[in-house]
Every structure is written in C-alpha cells, then in structure tokens.
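Asker: What follows is a single structure, and I will ask about it in a moment.
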Amino acid sequence: SSFPVAGGRGDLLGGGGGALQPQPMGAATGMADKTLGMTSAISTAPPKPSDLQRTDELEETLRQFGLFESEEELAHRMDVLSKINQLVKKWIYEVSIKKNMPPSVAENVGGKIYTFGSYRLGVHTKGADIDTLCVAPRHIDRTDFFTSFVELLRQQGEVKDLRAVEEAFVPVIKMTFDGIELDMLFARLALKDIPEDQDLRDVNILKNLDQKCVRSLNGCRVTDEILHLVPNRETFRLALRAIKLWAKRHGVYSNVLGYLGGVSWAMLVARTCQLYPNAAAATLVHKFFLVFSQWPWPKPVLLKQPEENRLGFPLWDPRVNVADRFHLMPIITPAYPQQNSTFNVSLSTLTIMRQEFKQGLAITDDIMLRRSDWMKLFEPPNFFGKYKHFIVLMASTQSKEHHLEWYGLVESKIRILISNLERHPYIAIAHVNPESFPPSEPEGEKLQSMWFIGLQFNKTEHVNIDLTYDTRSFVDTVKRQATAINIFKQDMEVDIKYVRRRELVRYLPQSVLNRCKKKGNKTANSTTPNSTPQNSPGMTSQAGKKVLSSSRSDSALLGLVGDGVGGTVNDSVVTSDDSCCSLSVMDDSSSPLNTSSGTKRQCEEDSEADGDVPKRSKPDNSEAMEEGDDTVSSSSPQRNHVVAEREPAESVGSAASGPESVIALQRDSPKPSPAVTSSTAVEEKAHISDGIDSTARSPLHATALESTV
C-alpha cells in the first residue's frame, strides 16, 4: 500500500510495500486453488466462452461511461504522488534536525506516503481524489504535521485549496496538488524509523498508538486486507467498477446518508469473489445480486474470521456491545480492530437497497440470457415519479465559503431527519435522494442546495399527519451542532417544506426536468403489457381517460402529476367513498432559524396519496411493474380513473426503531425474483442459503442473530 519514490513506476495502483506484491491490472492470476472467506466456495467452475464475451461487453459499457483513465492521466497521478512522497521525506528530515537528531540518523529515519481507498483498490475514476496516509516515526507528532508540514505545502506552487481539519474525527489535510485532489491523513508509529517495506497489515504496529492514529491507519489496513482476501484481483476490480457505477446511478451510494460507501461495496463484491473464485467479472456481477438479494440481514457479512481483541481497542462485537445488536445491515471490516462500515443504515435505506438488489438480479438474469444488455443495468430509476409526497430540505447561505461548510454539516445530519420520520407511525418509507440540486430560480445572491425525501405512507383513513415536531427537532439539531463546532453564521439557513409531486416543477432546475422528461418519454413510448395505448395529443382513449396534450406543463410530461402508465391522467379522481388524510408540516417561516409566526401549512391529500384508496388486487402482469409505480385499474367500469397502488413496504411495519424493527426485517421473506427457473438455479440458491447459514458457526454471528430474535 506504499507509494514508491521517483525512479520506478512500481505498482500503478499504489502498492509495492510489505507483503503485498505489485500486480498489474492486466496480469492473469490463474485459477484459485484455496478457499478464502468464512465458508467454502459455492462454485469453482471456470468461465465459459459466453461468460468471457459478456465480460468484454461489460468492460466496453463501462468505458462508455468514461470510468477508465488514460496512460497519461495515470502517469500524472504517479508524478503527483512521487512529489508528495519527496516532500514528506524532506519534512521529516527537517523536523528531525530541529529536534536535535544527528544528520546521519535523520537521513535514515524514513517516513513515506501510502495510498488507500478506490485508488489503492484500482477502481478510481477520472477526476477522482486520492486518499493518502503519511506514516512517520515516533519522534514526529500530529502537531508537527498540522503546523510545519502544512506550512511547507503552502510554499508549493502546485498546491491549491489547502485546508487542514485537525479537530475532525479522523484529522485530515485536504488540497489540490497539480490538479489532483488529495486527502492526507497522518499516523506515527511507535518505531524509531520507518523501513521502505513496512507492511501496515501487521497488527503489532498498532501497539502504543492513540485512537486517532489507529483510525488513520484503518483505511490502508482494510484496503490491503480486501486485496489479500480476493482470489483474483483483476476480475474483482472490474466487477467492483460495475457495482459502484450501478450503485451511484441507482442512488444507493452514500455512507453519510445511510446507504453504502465505497469500502462497503468493495467488501460485498469481495465476498462474492470468495464464493465464486474462478468466475468472470460479468458472472460476478450477476452472482452479486443473486447472493445479496437473498442475504438474511441483519446477519453480518465477514471476509475472514474476526480477530480477538488483543490490544483493547473498541471493535464491533454484539456479545459485548449492546448497540451493535441493533445494526440492520452489518458489513464488517476485515482488519483489526474490526468495525461495522454500515452503522448509518436505516430501515428505509435497507428496504430501498433490498429492492434494488432484487431489481438488479432480474436485469442481470435477462443480460445473462441475452434478453437485455448492460446499459439496462445502469439506467437510473425515476425517483421523482416513484413517490407522490416529498420533503424538500434546503440549505442556504450568502457566501461560497460559508456554503461549503453548511452544506457538509446539513448533509451529515440528514440521516437524523430520516430517523425522525421513520419513527412516525404513519410513514412507511422515507427515501432520501443522495443527489442534491440547485434551486430552479436562485434568490439573488443566496446560494442554495436542496435534497428531496420521498415519503410513502401506511394506509390511513381520516388521519392528520403532523410532521412539525420531527422537522423542528432536525432544524434544532443542525443549528445546535453548527454552534458547538463554531461554524454557524447568521446567513446560514435551513428550511423544510412539504410538496406534492405535481409541485416539484417549482423546485427542480430545468436540467433535471429535461432529464426526467427523456426518461418519462422513453417509458411512455415503450410497449409493455401494462402500458395504455399511445394516442395523439388531445385524443381520448377508449376507456374515457383523458390523454395528456402537448400543451400540458412539464410536470405532466414528467409524470409528476397524474398516475397513468403511458401518460394518462384523470382530473376528477376523488369520489365520495374515497377516504383521505391531511398532512401538516412546519413551514419555513416557523423554522427556529426564522423567528416568524410559526404557522403550519395544512395540505389536503387527494386520492393520489398512498393508501388513501382501498387497495385493489393487482393485475396478473403486475410483476412487470416497478415497485412504487402507478397502475391503471380497468376491472371496474364504474370507476374509470387512475388508482395509485402501493406495494407493501418490505420489513417496515410501523417503521419504529428498536428490536421489534430488527425482528420484522429478519422475519421478512424476500419475494421470489424473476430469475432463471432451472434446476441448476434452484440448487445454487439452496447452496447460497446453506453457505449463508454456515457463517453462523462463528460465535460472533450467533450472538448477533440471537440478540435480535
């Protein structure tokens, strides 16, 4: 995981130090001859020619998304890291001399740069930053790093946007060096010198270190362990590139918002590689969805047997830590001290990811059967067409400098708002979109960023849903945290609004509306068993449904109003027997940051609301519909209008937090996926279940499961 000094290219991906030998991306690694992971492999079959062909197609598809850097760009990264490495050596030498160390000794104390994260794994994309770690001997401390080394960086002409965050949970220096963004951590080892081949995987280097140094070392140690625990790094890297792209396109890539971050996705792909050690990358992507669409969360995913707590550091262990027993989707890092990389996952985000796993399995089933191509897997879902009710969270400031800090703080606290909403008895899912948006119409010099949270309600009748307390509590928390860390300024505001789908056109920028419109047109023009006949503008369908004309607003064209598949809408959906509820949420004027009248806005839901119309049986071809889509009911000629049917939310129940919620998740049985129904597939799924069950042999697994039942 170390980076070589100038004079040789070494491992293009940042390796070359310690026991981890360099392995070029294109190097063939042969067949796996040993078992890796907690269980034996499900299949050790070599790839067939058709698997290799699909892998070539997958790689070509990834290239169309611009994921791979050119040789020149890779060489530039190498040069930047080499220069940083030389600066570190120069700085350590100068500090050693100032601390009265003889020059002959100071020249040999070492110190170097290590890389970790996506760059170290070999899956970084164009323009991505590089995560680095500065390792120094014991006489160099963190104060030196954040004073004299920062000053040395300021003197470099290539350094821009230098920012030191010494008080962070993991202290870091952020900068742009010759056009490459770098995050640099610091750790000093309890060694008098740092040899060039120092292996950070050695657990003994953690002795006599403080918590901040251990946390800083953790990134490198985890990355190196992952690479050591996969049977074939080349196929692992290609499969991981595909899964990361899929996760980003489908809005489930964000650790801070309660989805999975890069290291968590890497560990899931690594576990798939262990179960299919000789499979091609295309097969691994397919098996990834097969395995994790059936995984019985909260059973943890581990790449190796956890190590005992020999050094006394805090680690994930449900036998000891009560809080660890309530983690919903534990994915445990393989390096000591092992941690749960997904402690932010909530009931809503787990439900959403499980749905995405199942949909991914259905799509990759079709790809492997030549009924679809890889582009289908990377098509983003229509988030704004999936829900009818939204919470809009707006963070605003008057200056760019203040907005960067305020944006980061508000985003880091959104999961608290999600947790507040999930506790509400009438909310089934609170789905936050990881993408933030600028306002459709900027207000003067004010800088604004908006996040959208889709709401799915449990079936309610004549109930007033008041979210004022939940939203006000969130605003108070954000303001209190900003004040505590001394970043709050008078121009910093956070507002929360409730909007219905038809009102989104007032908030979304035109670029997003156009993007959604293309997706909506593509869906409307597709011929599926559930789609209504396509009519010309202004015409009326045989069932009497009014068809959208070309003069309707963007909201109609995008599917932001009305419900019909294929573009139908009904102007008089509410009938006398329709039950309804009302939703009340704090207006921006009642925000603690805006000391105005504190009024509430009462929003009357019509029958477009989830659950406010008695649920009808789904048509026979309902499996072809995406979850959350609207269906057109034609079974009753007396009620010729569009009805919004909601799939029952998986494992949500009352959406309350606590042990009962975990029990609900565990007892929930996944719906059968439209996978290939061959005897081989059935046997393989049974083998997957056996393999998953056998992981419970570890006492750590058994305790985690027993504590939730």
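Numbering-wise, the numbering used here comes out as the position in the sequence shown, counting from 1, plus 8. Beta carbons are placed, not taken as given, at the ideal position from N, Cα and C, and that holds for glycine.
Does the Cβ of residue 330 have 16 or more other Cβ atoms within 10 Å, making it buried, or fewer, making it exposed?
Answerer: exposed
Asker: From the DSSP output, which residues share a beta bridge with residue 195?
Answerer: 143
Asker: Leaving out five residues before and five after residue 15 in sequence, what residues of the same chain have Cβ atoms less than 6 angstroms from its Cβ?
Answerer: Its pLDDT being 31, under 50, residue 15 is placed unreliably in this model, and the value from its coordinates should be taken loosely. Taken in chain order, the list of residues that qualify is empty.
Asker: Can you give me the C-alpha to C-alpha distance between residue 540 and residue 442, rounded to a whole angstrom?
Answerer: Reliability fails at residue 540, whose pLDDT of 33 lies under 50, so the model's placement of it is uncertain and no value is given.
Asker: Hey, quick one: how far does the alpha helix (DSSP H) through residue 236 stretch, first residue to last?
Answerer: Residue 236 -> alpha helix (DSSP H) spans 219–236.
Asker: With burial defined as no fewer than 16 other Cβ atoms inside 10 Å of the residue's Cβ, what is the status of residue 261: buried or exposed?
Answerer: buried
Asker: Which two residues bound the contiguous alpha helix (DSSP H) that contains residue 101?
Answerer: From DSSP, the alpha helix (DSSP H) with residue 101 extends over 79–106.
Asker: So residue 455 is in the beta strand (DSSP E); what residue range does that whole segment cover?
Answerer: 455–465
Asker: Whose C-alpha, out of 361, 437, 432, 147, is nearest the C-alpha of residue 200?
Answerer: 147
Asker: Please confirm if the region 427–435 is in contact with the region 239–258, defined as three or more CB-CB distances below 8 angstroms between the two stretches.
Answerer: no
Asker: Starting from the Cα of residue 181, find the closest Cα among 198, 137, 209 and give me that residue.
Answerer: Nearest Cα to residue 181 within the set 198, 137, 209: 137.
Asker: On the three-pair Cβ rule with 8 angstroms, is the region 356–363 touching the region 236–243?
Answerer: no
Asker: Would the beta-carbon of residue 457 fall within 7 angstroms of that of residue 264?
Answerer: no
Asker: Quick one: give me the first and last residue of the beta strand (DSSP E) that residue 402 is part of.
Answerer: Judged by DSSP secondary structure, residue 402 falls within the beta strand (DSSP E) whose first and last residues are 397–405.
Asker: When the Cα of residue 388 is compared with those of 290, 521, 398, 258, which residue comes out closest?
Answerer: Of 290, 521, 398, 258, the residue nearest in Cα terms is 258.
Asker: Excluding the five sequence neighbours on either side, which residues of its own chain have a C-beta within less than 7 angstroms of the C-beta of residue 372, listed in chain order?
Answerer: 293, 294, 297, 385
Asker: Going by CA-CA distance only, name the one from 418, 395, 469, 288 that's closest to residue 485.
Answerer: Out of 418, 395, 469, 288, 418 has the C-alpha closest to the C-alpha of residue 485.
Asker: Taking a contact to mean a Cβ-Cβ separation below 7 angstroms, would you say residue 280 touches residue 59 in this structure?
Answerer: no
Asker: Going by CA-CA distance only, name the one from 79, 122, 434, 205 that's closest to residue 96.
Answerer: 122
Asker: Check each candidate in 213, 209, 403, 332 and name the one with the smallest Cα separation from residue 483.
Answerer: 403
Asker: Quick check on DSSP: helix, strand or coil for residue 588?
Answerer: Unreliable placement is indicated for residue 588, whose pLDDT of 39 sits below 50; no coordinate value is reported for it.
Asker: Using a Cβ distance threshold of 8 angstroms, determine whether the region 309–324 contacts the region 41–50, with at least three qualifying pairs required.
Answerer: yes
Asker: Consult DSSP for residue 299 and reduce its assignment to one of helix, strand or coil.
Answerer: helix
Asker: Assuming residue 360 and residue 276 form a contact by the criterion Cβ under 8 angstroms, report the distance between their Cβ atoms to the nearest whole angstrom.
Answerer: Between residue 276 and residue 360 the Cβ distance is about 16 angstroms, and since that is not below 8 angstroms, they are no contact.
Asker: Going along the chain, which residues of its own chain have a beta-carbon closer than 6 angstroms to the beta-carbon of residue 365, five neighbours each way excluded?
Answerer: 297, 300, 301
Asker: Can you give me the C-alpha to C-alpha distance between residue 85 and residue 171, rounded to a whole angstrom?
Answerer: Roughly 20 angstroms separates the two Cα atoms.
Asker: Are the beta-carbon atoms belonging to residue 143 and residue 176 less than 7 angstroms from one another?
Answerer: no
Asker: How should residue 254 be labelled, buried or exposed, when 16 other C-beta atoms within 10 angstroms of its C-beta is the threshold for buried?
Answerer: buried
Asker: Quick one: any contact between the region 467–479 and the region 407–415, if contact means 3 or more CB pairs under 8 angstroms?
Answerer: no
Asker: Between the alpha carbons of residue 206 and residue 369, how many angstroms are there, rounded?
Answerer: 42 angstroms
Asker: Whole angstroms is fine: what's the gap from residue 326's alpha carbon to residue 500's?
Answerer: Residue 326 and residue 500: Cα-Cα distance of roughly 40 angstroms.
Asker: Assuming residue 156 and residue 272 make a contact with CB atoms under 8 angstroms, what is their CB distance in whole Å?
Answerer: Their Cβ separation, rounded to whole angstroms, is 36 angstroms, which puts residue 156 and residue 272 out of contact at 8 angstroms.
Asker: From residue 506 to residue 432, what distance separates their C-alpha atoms?
Answerer: 15 angstroms
Asker: Identify whether residue 131 lies in helix, strand or coil by the three-state DSSP scheme.
Answerer: coil
Asker: Might you give, ordered along the chain, the residues of its own chain that have their beta carbon closer than 6 angstroms to the beta carbon of residue 211, omitting 5 neighbours on each side?
Answerer: 344
Asker: When DSSP labels each residue in this structure, what does residue 149 get in the three-state scheme?
Answerer: coil
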